[in-house]
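Below is one structure, written out as C-alpha cells; comments come after it.
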Amino acid sequence: MSHHQIIIVGGGNAGISVAAQLFRKNAKLDIAIIDPADKHYYQPAWTLVGGGAFDIAKTERSEASVMPEKAKWIKEAVESFAPEKNTVTTSGGSYTYDYMVVCPGIQLNWSAIKGLPETIGKNNVCSNYSFQTAPYTFEVLQNFKGGKAIFHNPHTPVKCGGAPHKIMYLAADYFRKHGLLDKCDIQYWSGAAKLFAVAKYEKTLLEVCKRADIKLHLMERLEEIDGPNKRARFVGMAESNMGVETWVDFDMMHVTPPQSAPDFVSKSPLANSAGWVDVNINNLQHNVYPNVFSLGDAAGLPISKTGAAIRKQAPVVVANLLSVMSNQQMDGNYTGYTSCPLVTGYGKLVLAEFDYNNNPMETFPFDQSKERWSMYQLKKQVLPRMYWSQILTGKA
1 MSHHQIIIVG
11 GGNAGISVAA
21 QLFRKNAKLD
31 IAIIDPADKH
41 YYQPAWTLVG
51 GGAFDIAKTE
61 RSEASVMPEK
71 AKWIKEAVES
81 FAPEKNTVTT
91 SGGSYTYDYM
101 VVCPGIQLNW
111 SAIKGLPETI
121 GKNNVCSNYS
131 FQTAPYTFEV
141 LQNFKGGKAI
151 FHNPHTPVKC
161 GGAPHKIMYL
171 AADYFRKHGL
181 LDKCDIQYWS
191 GAAKLFAVAK
201 YEKTLLEVCK
211 RADIKLHLME
221 RLEEIDGPNK
231 RARFVGMAES
241 NMGVETWVDF
251 DMMHVTPPQS
261 APDFVSKSPL
271 ANSAGWVDVN
281 INNLQHNVYP
291 NVFSLGDAAG
301 LPISKTGAAI
311 RKQAPVVVAN
321 LLSVMSNQQM
331 DGNYTGYTSC
341 PLVTGYGKLV
351 LAEFDYNNNP
361 METFPFDQSK
371 ERWSMYQLKK
381 QVLPRMYWSQ
391 ILTGKA
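Mapping to our numbering: the sequence shown position 139 is 139, numbers consecutive.
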C-alpha cells in the first residue's frame, strides 16, 4: 500500500488548481492526484458550442498536459474511502495519506430520466452537458423550422446553474435572427421554484424571457422522454401541482441531466445526508475528519456549482491545509462567492456574481445586471485562455 503526504481525489479544475497552488507554495510536497480520465475539458464553453459560437475542439486537452509535473498521477478510479484509517481504495489498489482533498466533481445521472439515454443526440433531443452531445444542439437549432422548443432544468443541483436557460436565450436569439421567432413556442420546464435565485439578475432574465415570449413552468420534474414520439412526461412538485402528470409534445428539447455527488462519495463516511462531502462552508475542512478538505462540485456547499466558485475556494483550501499541516490556526475564509456568466443572446451577457446570502459581489464598477457585449467577450475570449494558462497552473 503506497503512502502520500497529500492525496487529491479528482483531476478536474479543482484538483489541478489546488495541486498547482500547493506546489507554488512548497515545491517539496508529496502530492498524488487520483483520476482515471484521459481528457480534460473546459466545460463552460459548451453553452457557446451548442449555440454554434465556439469550436468544441478547443475545449478538450489531454489530462497529461494539465497535470502538474511534480504530482504523482494515479490513473485509477476511486471506489471507496476509509477516512478513519486515512485510506482510499481505487480500481488499482489502496493508498494512505496524511491529508486528503476531495474534489471529484459531479455525477451526471442520464439514466435517471426514463428514455433519455436512448434518445439523447437524436430525435431533436439535445444536451450541452457532454462533449459528445453539445455539437448536436447546434445541429438541432440549424434544422429547426418552428414549433415547440422545450428547455429543461432538473430538480437537483447542477453544475453551472445558469446553463439550462442560457442555451434557451441563445436559441431564441438564433430563431429571431433567422426570422423564425414568431413560429416558435419556447417553454422552460424547471424543477426549481424560480428562474434565478438572485432577484437583481432574475429581473433582467425575466425581461429576456418576455422579449422572446418564453413560457415558464416551475416546480416540474422531468420523469420520462419518448423520443420517437417527441413527448415528455413531467410531474408537479409544488403544493399546487404535487404529483400532477403532464405529457408535453415537443419539436425540439434541450435536456439537463439530474446530477449528484459521485456514488463513491455519497455512499461514503465523508458524505452529509444529501450525499455531498460534509465540510465547513467557510474553511472547507471536513466536519468530522480534520485532515480532509473539499471544494468544487462535490463539496456540500449551498452555492451554485461553478468554475468561478472553485477559483475562490482553491486558495482557501491551500491556505488552510498548509496551516493544519504546520499546526497553525486556519485563516482562509470562503464567503460563498460564485459567478454565473448568463449568456442572454449572441454578443450579450449578464455577469451574475454573488455570495452564500445571494448578495451581489460584483467585480466591475458598473451595473452587472445589464446585458453587455463586453461581458460576452469576457466569457468567449478571455476566460477560456485564463483557464488554461492561469487557473490550472496555479497563477490565478
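Using N, Cα and C, we set each Cβ at its ideal position, and we do this for glycine too.
If you ignore the 5 residues before and after Gly147, its C-beta comes within less than 6 Å of the C-beta of Asp251, all in its own chain and listed in chain order. Taken through DSSP and simplified to helix, strand or coil, Cys340 comes out as strand. Within the region 53-85, the complete alpha helix (DSSP H) runs of at least 4 residues fall at 63-66. Judged by beta-carbon spacing, Asp226 lies beyond the 8 Å limit of Gln107, meaning their Cβ atoms are not closer than that value. Within the same chain, Cβ atoms closer than 6 Å to the Cβ of His217 are found at Trp189, the five residues on either side in sequence being excluded.
For Val9 against Val102, the beta-carbon gap comes to about 5 Å, under 8 Å, which counts as contact.
A straight-line Cα-Cα distance of about 13 Å links Met330 and His286. Secondary structure at Val277: strand, using DSSP grouped into helix, strand and coil. DSSP places Pro164 in the helix class (H, G or I) of the three-state scheme. For Ala261, the secondary structure class from DSSP, reduced to helix, strand or coil, is coil.
Of the candidates Gly191, Thr256, Val265 and Lys267, Gly191 places its Cα closest to the Cα of Val235. One alpha carbon belongs to Lys72, the other to His40, and they sit about 17 Å apart. About 6 Å separates the CB atoms of Gly11 and Ala37; that is less than 8 Å, so the two are in contact. The beta carbon of Ala32 lies closer than 6 Å to those of His4, Ile7, Lys72 and Ile74 in the same chain, with the five residues before and after it left out.
If you look at Asn153, you'll find it in the beta strand (DSSP E) that goes Gly147 to Asn153. Of the candidates Leu342, Ile167 and Gln259, Leu342 places its Cα closest to the Cα of Phe354. In the displayed model, Ala193 falls within coil according to three-state DSSP, outside both helix and strand.
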